[in-house]
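S.K.: Let me give you the structure first, and then I'll get to my questions.
In my numbering, the protein residues as written are 70 to 283.
Structure follows, in structure tokens:
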């Protein structure tokens, strides 16, 4: 077990990253700066439960390809770390399992869960979401003109916490970016230039391995 200094601030940034794109990178960079993180863990999901429910478990690039693309995206920033814990876990990937394991291995570490507004609105559907809110600070990415809003269940729970919602949930100010993994996959399938969306390295990897080709 690693004893971590209590001042260590670690971000958790999970996703299917199918594929990772420059909006993901922008969000991660904003999190590093605004949350004053010592490190940010990129957590490619092995079998993300939301995606399994939406797509019947089909449509994901292999874990090996998705991890490799994330590694290419984050190279050059030493505070970015690719974490394989969710890829190595059997069954569906749940954030609460990752958080429990991280705190068991690194007692005293401050964890910041970096998510988007759409994920925050659905937080009440996540496994053991109340425990999750007790264990981490949730950092919600939103544009400057966008209010962050939770479901009624989450709002009621936050209001009852001794610390108050202000300490449990923080806002990440994000520039407007209109990039999605779906868009990248569709463009790659049409052999269009995806470099402006994913960068040279990831675009080259996708082309080399003929990913997202119908």
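Backbone N, C-alpha and C fix where the C-beta goes; we use that ideal spot for every residue, glycine too.
Helix or strand or just coil, what does DSSP make of residue 71?
M.R.: Translated into positions along the chain shown, residue 71 becomes position 2. For residue 71, the predicted model reports a pLDDT of 47, less than 50, meaning its position is unreliable; a value from the coordinates is still stated below. It is coil, neither helix nor strand.
S.K.: Using C-beta distances below 6 Å, list every residue in its chain close to residue 275, excluding the 5 sequence neighbours before and after it, in chain order.
M.R.: One-based indexing of the chain shown puts residue 275 at position 206. For residue 275, where only same-chain residues beyond five positions count, the Cβ hits under 6 Å are 257.
S.K.: If you follow the beta strand (DSSP E) that residue 211 is in, where does it begin and where does it stop?
M.R.: Stepping through the chain shown from its first residue, residue 211 is reached at position 142. Unbroken beta strand (DSSP E) run through residue 211: 206–212.
S.K.: Measure the Cβ-Cβ separation of residue 109 and residue 97 and say whether it is below 9 Å.
M.R.: Counting from 1 along the chain shown, the entry for residue 109 is found at position 40. Counting from 1 along the chain shown, the entry for residue 97 is found at position 28. Taking 9 Å as the Cβ cut-off, residue 109 and residue 97 qualify as a contacting pair.
S.K.: Please report the straight-line C-alpha distance between residue 118 and residue 164, rounded to a whole angstrom.
M.R.: Mapped onto the chain shown, residue 118 falls at position 49. Mapped onto the chain shown, residue 164 falls at position 95. For residue 118, the predicted structure reports a pLDDT of 46, less than 50, and the residue's modelled location is therefore unreliable. A value from the coordinates is still provided. Taking the straight line joining both Cα atoms gives about 10 Å.
S.K.: Of all the alpha helix (DSSP H) runs that stay within the bounds of the segment 135–213, which reach a length of 4 or more residues?
M.R.: 164–174, 186–190 and 198–204
S.K.: For residue 259, which of 136, 200, 76 and 282 has the nearest alpha-carbon?
M.R.: Taking the chain shown and counting its residues from 1, the one referred to as residue 259 is at position 190. Of the listed residues, the one whose Cα sits closest to residue 259 is 282.
S.K.: How many angstroms separate the CA atom of residue 248 from the CA atom of residue 170?
M.R.: For the purposes of this step, residue 248 is taken as residue 179 along the chain shown, with counting starting at 1. For the purposes of this step, residue 170 is taken as residue 101 along the chain shown, with counting starting at 1. Going by the C-alpha atoms only, they are around 32 Å apart.
S.K.: Check residue 238 in the structure and name its three-state DSSP category.
M.R.: Taking the chain shown and counting its residues from 1, the one referred to as residue 238 is at position 169. Three-state DSSP puts residue 238 in a strand.
S.K.: Looking at the secondary structure, which residues open and close the beta strand (DSSP E) in which residue 96 lies?
M.R.: Here residue 96 is taken as the residue at index 27 of the chain shown, counted from 1. Premise fails: residue 96 lies in the alpha helix (DSSP H), 91–103, not in any beta strand (DSSP E).
S.K.: For residue 84, which residues does DSSP report across the bridge?
M.R.: By one-based count along the chain shown, residue 84 stands at place 15. Residue 84 pairs with 113.
S.K.: Where residue 187 and residue 178 are concerned, what is the direct C-alpha to C-alpha distance, given to the nearest angstrom?
M.R.: For the purposes of this step, residue 187 is taken as residue 118 along the chain shown, with counting starting at 1. For the purposes of this step, residue 178 is taken as residue 109 along the chain shown, with counting starting at 1. Looking at the two C-alpha atoms, the distance is approximately 27 Å.
S.K.: Let me check one thing: in DSSP terms, what residues is residue 243 bridge-paired to?
M.R.: Here residue 243 is taken as the residue at index 174 of the chain shown, counted from 1. Note: residue 243 sits in a beta bridge opposite 212.
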